[in-house]
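Accompanying notes for the structure given below.
Number of protein chains: 2
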Amino acid sequence: MTVSVREVAALAKVSVGTVSNVMNRPEKVSPDTVERVQAAIRTLGFVRNDAARQLRAGRSRSIGLVVLDVGNPFFTDLARGAENRAAEAGLTVLLGNSDDDEERENAYLDLFEEQRVHGVLISPIGDAADRLARLRERGTPTVLLDRQSDNHNFSSVSVDDPAGGYTAARHLLEIGRRRLAFVGGPVSLQQVTDRLAGARLAVAEQPGATLEVIETAALSVLEGRAAGEALLARAATARPDAIFAANDLLAMGVLQALNMNGQVLVPGDIALIGYDDIAFASAAVVPLSSVRQPSELIGHTAVDLLLREATEGADAEHEQIVFQPELIVRASTGG
Amino acid sequence: MTVSVREVAALAKVSVGTVSNVMNRPEKVSPDTVERVQAAIRTLGFVRNDAARQLRAGRSRSIGLVVLDVGNPFFTDLARGAENRAAEAGLTVLLGNSDDDEERENAYLDLFEEQRVHGVLISPIGDAADRLARLRERGTPTVLLDRQSDNHNFSSVSVDDPAGGYTAARHLLEIGRRRLAFVGGPVSLQQVTDRLAGARLAVAEQPGATLEVIETAALSVLEGRAAGEALLARAATARPDAIFAANDLLAMGVLQALNMNGQVLVPGDIALIGYDDIAFASAAVVPLSSVRQPSELIGHTAVDLLLREATEGADAEHEQIVFQPELIVRASTGG
DNA sequence: GCAATCGATTAAAACGATTCAACGCCGTCC
DNA sequence: GGACGGCGTTGAATCGTTTTAATCGATTGC
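Just so you know, the protein sequences line up as chains Z and U, in that order.
Start counting the first sequence at 175; every next residue gets the next number (our numbering).
Start counting the second sequence at 175; every next residue gets the next number (our numbering).
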């Protein structure tokens with residue numbers, strides 16, 4: 175039924191070792207045997223068995239990537255960057271979507287470990303520190319995405335979230351707003367707390383400014399819409415005059431709620447800024463101000479770091495790379 | 175260095191066969207040996223080698239999914255549907271992004287074949303018929319996504335694109351527009367030509383109506399913006415009064431060009447409708463009318479079909495499932 | 001002319017989990 | 001008391017590829 179090197183070898187009248195050599199180092203084989211073997215491969219429709227290769231090699235030729243939300247363009251852009259860089263190195267990226275769920279996160283990590291991947295890139299939920307430490311002890315290098323390790327134990331590629339949060343809030347203050355609200359959550363995500371911390375700092379520096387926190391269960395359009403509708407239910411005077419959303423999906427949800435049932439509150443009554451600068455932000459009902467992260471570059475760089483750790487072995491030094499975010503001003507904050 | 179069943183067996187003072195049984199059918203092993211073996215697994219930090227399992231099993235526990243564009247929410251929604259259904263069956267989904275590139279498409283198919291996946295779900299570029307036929311002959315069942323096979327040789331899950339195109343164009347005609355333009359491409363995508371064909375039909379039924387075709391190189395926001403800018407460069411009288419874009423990404427690009435450099439042409443001068451009804455469509459500058467496809471359901475159903483083909487073997491009958499699209503009217507067509 | 005060298009090829013030993021026929025042990029039945 | 005059956009366990013074979021040491025011819029060097 176299934177055709178293996180054995181059959182190929184028989185048809186080409188060579189040994190299985192030679193078939194292997196033809197596929198992996200043809201320069202070590204005489205030209206006419208190469209031709210004969212390749213002909214045999216073609217006529218039999220031989221496809222080599224990756225499981226057997228991996229078993230022998232001890233490692234697979236892929237790296238695992240666990241993201242919080244594949245529906246978020248920030249992560250698909252990041253994945254694209256990682257994939258391109260990995261392809262250059264002859265590796266494949268296995269994409270896992272944890273969807274903010276620790277169980278799914280663990281399931282993917284288990285899977286990747288059983289697959290003996292070259293390494294894991296992960297944007298972890300909460301404090302996965304010991305889980306990841308065990309993973310690495312067993313020989314799978316790991317790089318954190320979009321977040322630094324608390325004790326510098328892991329390599330990481332991230333963006334300066336406190337600075338991004340500061341920049342966003344500062345911008346809202348600079349256009350004259352004082353009653354700020356932060357929409358974001360869950361707080362188990364370090365990205366959320368860091369951005370909030372930065373915003374708090376900016377508000378604290380501005381006398382008379384306040385910051386209200388509206389916590390959401392996820393960083394999704396739906397949650398944003400719910401938050402926006404909650405605000406809408408308030409008396410007009412009780413509403414903030416500016417909103418900083420922890421990411422663009424939330425911001426777009428908020429925008430839908432505030433600007434799409436007849437009324438138009440953004441940007442006149444309420445200024446709005448998001449985070450990530452996804453491609454859809456500029457095409458929103460009111461083009462969305464945002465804080466841009468270099469998503470593809472993050473993915474690209476993370477693979478570089480991972481490959482370095484993988485080659486240097488267990489005692490590789492761990493490097494934290496931090497990119498700076500960039501403020502993008504559009505109509506939603508009066509730009 | 176690496177710990178295998180052998181070491182576990184030694185520590186637990188049992189044979190390797192028993193260790194395997196503990197992991198795969200614990201009910202066949204006496205309770206105290208189960209406990210002893212599990213203790214050994216824990217203390218040694220044993221993680222089973224998936225390559226070895228697969229080699230023995232002959233098949234991997236995953237299915238391959240090749241999509242045209244991971245950046246398109248339609249496909250990530252579809253992937254989510256597939257993933258959920260696959261998870262219920264204990265399978266993993268490997269997601270490959272062909273990015274409209276036949277070379278990448280082939281690379282992923284090769285990879286999946288070497289991995290001995292349970293089957294392949296693919297939204298193919300152009301006519302991959304013989305490539306896919308070979309794949310299936312070698313034992314990998316295949317289901318087409320978002321497109322039917324020309325000769326009913328493959329199972330498929332798709333949406334009635336001609337009907338969708340007809341519905342979209344008919345809607346534009348019903349709101350009184352007559353000079354229609356279709357923006358889409360490349361024509362190698364059957365989705366594009368089918369939607370266009372449907373639109374042509376609707377226009378032909380309407381005396382005095384015309385349909386101009388503006389071909390794009392891809393179904394992306396960027397290409398849409400380029401098309402929009404080209405229209406903008408024309409004299410106002412030479413512009414169409416309605417545009418049907420082959421998908422929402424294109425439509426949003428067109429919208430950006432037509433409504434965001436000071437002027438506002440949509441929907442007054444030009445009505446605009448997209449296709450897919452991605453989540454961002456309703457949050458666009460002008461909320462976008464669209465033709466909705468049941469993306470998650472497509473992915474879900476495709477996995478069902480695949481599993482059925484896989485169990486029924488080579489002589490399984492091939493089923494074509496076609497869902498009906500749904501017109502969603504929003505502000506961009508005056509809704 | 002014999003040894004050394006070189007290139008091409010081979011045969012066999014891995015890799016690690018699963019499976020299956022065989023085996024030992026114990027209690028039951030006649 | 002011996003045959004039988006059932007349960008739990010074992011050991012070896014197996015999956016398909018890669019790799020290494022060994023082999024075989026043929027050529028070169030002296």
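For each residue, glycine too, the CB sits at the ideal point set by N, CA and C.
From a predicted model like this one, the values you see are computed outputs, not experimental measurements.
Contact between the stretch 376-393 of chain U and the stretch 348-360 of chain U (3+ Cβ pairs under 8 Å): yes
is_contact[Thr390(U), chain Z] using C-beta, thresh 8 Å: On the second sequence, residue 390(U) is found 216 positions in, with the first residue counted as 1. Answer no: the Cβ-Cβ gap between Thr390(U) and chain Z never drops below 8 Å.
Per-residue DSSP class, three states only, for Ser469(Z): Locating residue 469(Z) in the first sequence gives position 295, where the first residue counts as 1. Looking at Ser469(Z) - three-state DSSP - the assignment turns out to be helix.
Ala400(Z) at chain U interface by Cβ criterion, 8 Å: Taking the first sequence and counting its residues from 1, the one referred to as residue 400(Z) is at position 226. It does not; no Cβ of chain U falls within 8 Å.
Three-way DSSP call (helix, strand, coil) for Glu348(U) in this model: The residue you call residue 348(U) lines up with position 174 of the second sequence. Helix.
Minimum Cβ-Cβ distance from Val477(U) to chain Z less than 8 Å: Walking along the second sequence from the start, residue 477(U) turns up at place 303. Not one chain Z Cβ lies under 8 Å of Val477(U).
Uninterrupted beta strand (DSSP E) stretches inside the stretch 275-301 of chain U (no shorter than 3 residues): 294-296
Neighbourhood of Ser469(U) by C-beta distance below 6 Å, restricted to the same chain and skipping five residues each side: Counting from one through the second sequence, the residue named residue 469(U) turns up at place 295. Residues Phe248, Asp251 and Leu252 of the same chain have their beta carbon placed closer than 6 Å to that of Ser469(U), with the five preceding and five following residues left out of the count.
Per-residue burial, Glu287(Z) [other beta carbons within 10 Å of its own, 16 or more giving buried]: Position 113 of the first sequence, counted from the start, is the residue given in the question as residue 287(Z). Glu287(Z) should be labelled buried.
Ile268(Z) (DSSP reduced to helix, strand or coil): Sequence index remark: in the first sequence, residue 268(Z) carries index 94 (1-based). The question names Ile, but residue 268(Z) in the sequence shown is Leu. Three-state result, Leu268(Z): strand.
Residue-level contact to chain Z via CB, Asn421(U), 8 Å cutoff: Your numbering for residue 421(U) matches position 247 in the second sequence. So no, Asn421(U) is outside the interface.
Residues near Leu424(U) in its chain [Cβ-Cβ closer than 8 Å; skip 5 each side]: The count along the second sequence starts at 1 and reaches residue 424(U) at position 250. Cβ neighbours of Leu424(U) beyond the five flanking positions: Val357, Gly358, Thr390, Leu393, Ser394, Val395, Glu397, Gly398, Ala401 and Gly448.
Pair within 8 Å by beta-carbon distance, Arg504(U) and Ala420(U): Within the second sequence, residue 504(U) is the residue found at index 330, counting from 1. Within the second sequence, residue 420(U) is the residue found at index 246, counting from 1. Not a contact, by the Cβ cut-off of 8 Å.
Beta-carbon proximity of Leu319(Z) to Leu295(Z), cut-off 8 Å: Your numbering for residue 319(Z) matches position 145 in the first sequence. Your numbering for residue 295(Z) matches position 121 in the first sequence. Closer than 8 Å, so yes.
DSSP-derived helix/strand/coil call for Glu379(Z): In the first sequence, counting from the first residue as 1, residue 379(Z) sits at position 205. DSSP places Glu379(Z) in coil when its eight states are reduced to three.
Against chain U: residues of the stretch 233-250 of chain Z by CB proximity under 8 Å: Ser234, Val244, Gly245, Pro247 and Thr250
Option in Ala457(U), Val221(U) and Asp206(U) with minimal Cα separation from Thr176(U): Start at 1 with the first residue of the second sequence, and residue 176(U) comes out as number 2. When each option's Cα is compared against that of Thr176(U), the closest is Val221(U).
Residue burial classification, Arg230(U) (beta-carbon count within 10 angstroms, cutoff 16): Working through the second sequence from its first residue, we reach residue 230(U) at position 56. Classification of Arg230(U): exposed, given that the 10 Å Cβ count is below 16.
Residue-chain proximity (Thr266(U), chain Z), Cβ-Cβ < 8 Å: Start at 1 with the first residue of the second sequence, and residue 266(U) comes out as number 92. Closer than 8 Å to some Cβ of chain Z, the Cβ of Thr266(U) qualifies, so yes.
According to DSSP, residues forming a beta bridge with Arg353(Z): Numbered from its first residue, the first sequence carries residue 353(Z) at position 179. BP columns for Arg353(Z) point to Thr384(Z).
Val317(Z) - containing beta strand (DSSP E), residue span: Numbered from 1 along the first sequence, position 143 holds the residue referred to as residue 317(Z). Element bounds for Val317(Z): Thr316 to Leu319.
Asn327(U) vs His492(U) beta-carbon contact at 8 Å: Here residue 327(U) corresponds to residue number 153 of the second sequence, with the count starting at 1. Here residue 492(U) corresponds to residue number 318 of the second sequence, with the count starting at 1. Cβ distance < 8 Å, so Asn327(U) and His492(U) count as in contact.
Segment contact flag, the stretch 430-445 of chain Z with the stretch 459-466 of chain Z, C-beta cutoff 8 Å, min 3 pairs: Contact between the stretch 430-445 of chain Z and the stretch 459-466 of chain Z is present, with at least three C-beta pairs closer than 8 Å.
Counted within 10 angstroms of its Cβ, other Cβ atoms place Val196(Z) as buried (16 or more) or exposed: Against the first sequence, residue 196(Z) aligns to sequence position 22. It counts as buried.
Contacts around Leu306(U), its chain only, beta-carbon distance under 6 Å, and the 5 residues preceding and following it disregarded: For this step, residue 306(U) is matched to residue 132 along the second sequence. Around Leu306(U): Thr316.
Which residues DSSP lists as bridging Glu389(Z), in chain order: Within the first sequence, numbered from 1, the residue matching residue 389(Z) stands at position 215. According to DSSP, Glu389(Z) bridges with Gly358(Z).
Option in Glu500(Z), Thr507(Z), Phe497(Z) and Thr485(Z) with minimal Cα separation from His292(Z): Within the first sequence, residue 292(Z) is the residue found at index 118, counting from 1. His292(Z) has its Cα closest to that of Thr485(Z), out of Glu500(Z), Thr507(Z), Phe497(Z) and Thr485(Z).
Ala302(U) versus Gln322(U) - alpha carbon distance: The residue given as residue 302(U) occupies position 128 in the second sequence. The residue given as residue 322(U) occupies position 148 in the second sequence. Distance between the alpha carbons of Ala302(U) and Gln322(U): 12 Å.
Chain-ordered neighbours of Asn223(U) on chain Z, where CB pairs are closer than 8 Å: Here residue 223(U) refers to the residue found at position 49 when the second sequence is read from its first residue. Those are Leu229, Glu288 and Arg290, listed as they occur along chain Z.
Local conformation of Val190(U) per DSSP, three classes: For the purposes of this step, residue 190(U) is taken as the residue at position 16 of the second sequence. In the structure shown, Val190(U) sits in a helix (DSSP, three-state: H, G or I).
Below-8 Å beta-carbon distance, Ser456(U) vs any chain Z residue: Locating residue 456(U) in the second sequence gives position 282, where the first residue counts as 1. Yes, contact with chain Z.
Local Cβ density within 10 Å of Gln289(U), reported as buried at 16 or more and exposed below that: Position 115 of the second sequence, counted from the first residue, corresponds to residue 289(U). Gln289(U) is buried by the Cβ-count criterion.
Chain-ordered residues of the stretch 304-336 of chain Z with a beta carbon less than 9 Å from chain U: Arg308, Glu311, Arg312 and Gly313
Contact under 8 Å by Cβ, Ser297(Z) with Ile495(Z): Taking the first sequence and counting its residues from 1, one reaches residue 297(Z) at position 123. Taking the first sequence and counting its residues from 1, one reaches residue 495(Z) at position 321. No, Cβ-Cβ distance for Ser297(Z) and Ile495(Z) is not below 8 Å.
Minimum Cβ-Cβ distance from Pro461(Z) to chain U less than 8 Å: Residue 461(Z) sits at position 287 when you count from the first residue of the first sequence. At least one chain U Cβ lies under 8 Å of Pro461(Z).
Partners in chain Z for Met197(U), counting only beta-carbon separations shorter than 9 Å: Within the second sequence, numbered from 1, the residue matching residue 197(U) stands at position 23. By Cβ distance, chain Z contributes nothing, its closest Cβ being about 11 Å from Met197(U), past 9 Å.
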